[in-house]
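Quick notes on the structure that follows.
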Amino acid sequence: MTRIRKKKRHMSKTAKREERLAFTMLLPAFLIILIIAIYPLFTVFRDSLTDKVFASNDPVHFVGLSNYAELLSINIKELPPVIDQATGQQAIDPNTGQPLYQRPIDVLPREPRRYRELSQFSLFGKHYVIGATEPDFINSVKDTLIFTVVSVFLEVLLGLGVALVVNSGFRGRGLMRATMLVPWAIITVVSARIWQGMLGPTRAGLFNVILYGLGLGDGQTAFLREASLQLPAIIAVDVWKTTPFMALLLLAGLQTIPTDLYEAAEVDGAGKLRQFISITFPLLTPALTVALIFRTLDALRVFDVFQVLLSRTRYSMASFAQDQLIQYQASGLSSAASVVIFVLILIFAVIYIRALGVETE
Amino acid sequence: MKKGNTWFLVSLMIIVATLTVACGSSTEATSTAKPTEAAAQNPTETASGAQTPTETAAGGEAVTVRLLSGAVGQELELTKASAQRYMDAHPNVTVEVFDTPDAVQDRLGVYLQYFETKSSDADLYQIDVIWPGDLAEHLIDLNQYGADKVAAEHFPAIIQNNTVDGKLVGIPWFTDAGLLYYRTDLLEKYGFSGPPTTWDELASMAQTIQDGERADNPDFWGFVWQGNAYEGLTCDALEWVDSNGGGTIINTDKVITINNDKAAAAIDAAGKWVGTISPPGVTGFQEEDARNMWQAGNAAFMRNWPYAYSLSQGSDSAVKDKFDVTPLPAGDSGHGAATLGGWQLAVSKYSNHPDVAADVALFLTSRDEQKIRAIKGSMNPTIMDLYKDPDVCAASPFMCKLEDVFTSAVARPSTATAPHYNEVSTAFFQAVHSVLTGDKDAQSALEALELDLQDITGFQTGQPQ
């Protein structure tokens, strides 16, 4: 399209013919992309504006943006304190010793849609509750973002370490490079099942056996069911799986750095760390950029680890969309969730391209 | 802008629009063709046994039908063996058996994907007792294909459950009801005269046995059951609630009854088992997790379906000959409750060979085949007189002894809430799960649940009778 935006310049007949030929040759590839990528995307956009029911012959109605409203509506209400009639002061919960407030279920609006409790917070001495019509979705966005940031950070760090090690010459380097790819090569569902066994909640699970043997914990830690341990467990599985991929991309980048630079630096008296900061890291930036973009966009779309390990207890954005489709047969809501994922990924992609200065014509 | 540019963009719009319209209408065209085709074919007489080879497959033309079957325990091998017997009797028919995910909702996901595309890739589906209402629009009426001759042999309640708007959409294959498995040797060792009859008794017996066994076996727990957030938890929780007089979530008169004190008490009691007599990880257990623990000898009591009986009697089981089964304990209501499970065989209306598929379905659910599954897999037959069969009673004495449990099992509110049963069940098990994990107390969870159910179904609320 940039070509068309250029100022009109005088084109010879041959040039014009070549241009038409170029269009004609590109047309089949463009049609294929249209059918495989653009058309499905278009149907998702279209379905997100309807109340379509999956696997059903029910008639479909256009409902505008109400699916998006249902996904993203948030309401904040104040929770007034419960006053103890006897003392005239705020009541204290006898079980927990905490000050007592009205229950969110009595305060949050119910018409036209019910707002469910998302979380509570205090500000300037007053207590508030955040309600959402679809708290599972809001939580899934938050969980996916946390997952993305932490797992990509760890993968870059560990991937860089692995790449630097494998880059240096040692015996068995070829074999090492092959075996390091094994976690990446195993299908995610299969490796997630293996991890599920290892993360087992009783002493049939490997981690519980290890922790118990080291004297930490009672051997009954339910890694996949305790809220504070779920995300770390998922992140661990994903980092294990994807570090080889990052290492491979970064290794390719490392190999493009000419070795005489290092020799020159040695001669000048630079230490290993200085070499890394001044030579390796700056020259690795293009490969690092590519690796970061790949992994961030992949991590935002995460589905299989959440689906296999956490199923219906905690969602990622993609597994939420799938759940809506299959369990509730809500094609419209599911498509709207997919569009939200799409928009979020688009935002990240644009940020990366701008911040990392990737060249566009 | 160049003129060619506008032309290009316009043609792009036209292509997209044409593709949308063309692809949309073509799927409708093919889908309407299939049902009329199926109705026009001559439904043939089929016997329930394998004696009469059918001529439906156009006299020798090779036909392949595909069956999507469950693979929990020994299901898949038994189904494949049955299919082989059919193929031996009908050489021109190939029956391919495919396994599907163990978790019921994942299996439903697979089926819905087939139905969404109106696919003819699968002909026979093993459907749960709670699905006939939801899936009826995609299934054929088996009464048109010979099922009406054999329907009377099966339990009338199940046939009625599978009949939607007069169509029999599923032929019953095996029935299920929750049972309490208990270790007879441990009960004797700790001086108990018999299995518990109330939930409180179960809790105290489990605690005593667990405390005693922990000396030798630090992995021993008193009671294992299904606590993961999935349909199985709806089954377990319904048993606690109904046996305590808390109703059945939504009753047959379409009244939401779940928000009451007895239901809250039952669920709170179950929440207290987690971490005391049941492992903390029980909130992630499904059927096979509980069975694995039980079969390794690490549990005194287990709530599970009958399929676990023959596996626990297997040669590699640590509890062989050391256990028995009994109806689940009672609560305040004075009677125990067992959730009705069970599976049926259904034929998709998008199948290319509905008559052959229906014939296969009737064969697989015939008396001889159900008898084999009862003896080898302890899968409860749906044919009533098999409960008086001497071979069946010899292999699985509990089946004949506990016939009442199977006939009086409590059904989940799937028919009353169709087509929203999935949403109702999900709301229920998520509410129960939040109590089991300690996130909420039962009263708040049930209040929120009542509002959720009102949103989903639009029913009124009330008290259980």
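For the protein sequence lines, the chains are X and H, in the order given.
Counted from 1, the first sequence has number 1287 at position 255 by this note's numbering; the numbering is strictly sequential.
Counted from 1, the second sequence has number 218 at position 198 by this note's numbering; the numbering is strictly sequential.
Every residue, glycine too, gets a C-beta built ideally from N, C-alpha and C.
All figures in this text were calculated on a predicted structure; none of them were measured in a lab.
Quick check on residue i: does DSSP put it in helix, strand or coil?
i                : result
A338 of chain H  : coil
G1204 of chain X : coil
L83 of chain H   : Sequence check: residue 83 of chain H is Val here, not Leu. Strand, per DSSP.
L1132 of chain X : coil
E1258 of chain X : coil
R1344 of chain X : coil
E1149 of chain X : strand
S1154 of chain X : strand
G242 of chain H  : strand
Y1384 of chain X : helix
P1060 of chain X : helix
N1099 of chain X : helix
R1078 of chain X : helix
P300 of chain H  : helix
T76 of chain H   : Reliability of the predicted coordinates at T76 of chain H is poor, the pLDDT of 46 falling under 50, and the value obtained from them is presented with this limitation in mind. Reduced to three states, the DSSP call for T76 of chain H is coil.
G322 of chain H  : At residue 322 of chain H the sequence reads Met, which differs from the Gly that was named. Residue state, collapsed to three classes: strand.
Y1160 of chain X : strand
P1072 of chain X : helix
V170 of chain H  : coil
I1067 of chain X : helix
G247 of chain H  : coil
R1124 of chain X : Correcting the residue type first, residue 1124 of chain X is Ile in the shown sequence and not Arg. Reduced to three states, the DSSP call for I1124 of chain X is strand.
L188 of chain H  : strand
G317 of chain H  : coil
F305 of chain H  : coil
G1285 of chain X : helix
F1374 of chain X : helix
When DSSP builds the beta bridges, which residues end up paired with residue i?
i                : result
D119 of chain H  : H:S89
W363 of chain H  : H:D148, H:F194
D344 of chain H  : H:Y202
L159 of chain H  : H:S368
E1050 of chain X : Paired residue(s): none; E1050 of chain X is not in a bridge.
I270 of chain H  : H:I276
I1106 of chain X : X:A1164
P1113 of chain X : X:Y1133
For residue i and residue j, what's the separation of their Cα atoms in angstroms?
i                : j                : result
I1242 of chain X : F1313 of chain X : 37 angstroms
W245 of chain H  : A285 of chain H  : 18 angstroms
Y1294 of chain X : G1285 of chain X : 15 angstroms
Y1384 of chain X : S1183 of chain X : 17 angstroms
D344 of chain H  : A1210 of chain X : 53 angstroms
G1191 of chain X : L1066 of chain X : 36 angstroms
G1120 of chain X : G267 of chain H  : 40 angstroms
V452 of chain H  : R1205 of chain X : 54 angstroms
G356 of chain H  : T481 of chain H  : 25 angstroms
L1238 of chain X : A1265 of chain X : 13 angstroms
R486 of chain H  : Q306 of chain H  : There is no way to answer for residue 486 of chain H, as the model of chain H reaches only from 21 to 485.
L1213 of chain X : I1064 of chain X : 32 angstroms
D108 of chain H  : D1175 of chain X : 54 angstroms
L466 of chain H  : I278 of chain H  : 7 angstroms
A103 of chain H  : D1083 of chain X : 41 angstroms
Against chain B, does residue i count as a neighbour if the rule is that its beta carbon must be under 7 angstroms from one of theirs?
i              : result
L98 of chain H : In summary, chain B is missing from the structure at hand, where the protein chains are X and H.
Any heavy atom of the ligand ADP closer than 6 angstroms to the CB of residue i?
i                : result
V1182 of chain X : Only the bare structure without any ligand can be found here, which leaves the ligand ADP out of the picture.
Interface positions of the region 1064 to 1089 of chain X facing chain H (Cβ-Cβ less than 9 angstroms), listed along the chain: L1066, I1067, I1070, Y1071, F1074, T1075, R1078, V1085, F1086, A1087, S1088, N1089
Contact set between the region 1141 to 1164 of chain X and chain H, restricted to residues whose Cβ is under 8 angstroms from the partner: R1142, R1146, R1148
Contacting positions in the region 1227 to 1250 of chain X - beta carbon closer than 8 angstroms to chain H: Here the close residues are G1232, P1233, T1234, R1235, A1236.
Length-filtered (4 minimum) alpha helix (DSSP H) runs lying within the region 401 to 483 of chain H: 410 to 415, 417 to 421, 423 to 427, 434 to 437, 441 to 456, 462 to 477
Within 8 angstroms of chain H by C-beta, residues of the region 1334 to 1352 of chain X in sequence order: S1343, R1344, T1345
Residues from the region 274 to 303 of chain H in contact with chain X, defined by Cβ distance under 7 angstroms: P299, P300, G301, T303
Segments of 4+ residues assigned as alpha helix (DSSP H) that fall wholly inside the region 1294 to 1361 of chain X: Within the region 1294 to 1361 of chain X, the complete alpha helix (DSSP H) runs of at least 4 residues fall at 1304 to 1307, 1313 to 1332, 1349 to 1359.
Against chain X: residues of the region 452 to 472 of chain H by CB proximity under 9 angstroms: For the region 452 to 472 of chain H, residues whose beta-carbon sits nearer than 9 angstroms to a beta-carbon of chain X comprise H453, T457, D459, S464, E467, A468, L471, D472.
Residues of the region 1090 to 1120 of chain X whose Cβ lies closer than 8 angstroms to any Cβ of chain H, in chain order: Of all residues in the region 1090 to 1120 of chain X, none has a C-beta nearer than 8 angstroms to a C-beta of chain H.
Residues of the region 136 to 168 of chain H with Cβ closer than 8 angstroms to any Cβ of chain X, in chain order: Residues passing the 8 angstroms Cβ filter: E136, E157, H158.
Length at least 4, wholly inside the region 1208 to 1239 of chain X: the alpha helix (DSSP H) runs in chain order: Counting only runs of 4 or more, we get 1214 to 1217, 1220 to 1230.
Selection of the region 245 to 271 of chain H by Cβ proximity to chain X, strictly under 7 angstroms: For the region 245 to 271 of chain H, the set of positions with a beta-carbon nearer than 7 angstroms to some beta-carbon of chain X reads A249, Y250 in chain order.
Interface residues of the region 422 to 455 of chain H facing chain X [CB-CB below 7 angstroms]: N442, E443, T446
Residues in the region 105 to 128 of chain H having any Cβ partner in chain X nearer than 9 angstroms: A123, Q125, D126, L128
Members of the region 1358 to 1384 of chain X that neighbour chain H once the beta carbon cut-off is set at 8 angstroms: I1358, Q1359, Y1360, Q1361
Against chain H: residues of the region 1247 to 1281 of chain X by CB proximity under 7 angstroms: Q1252, A1254, L1256, R1257
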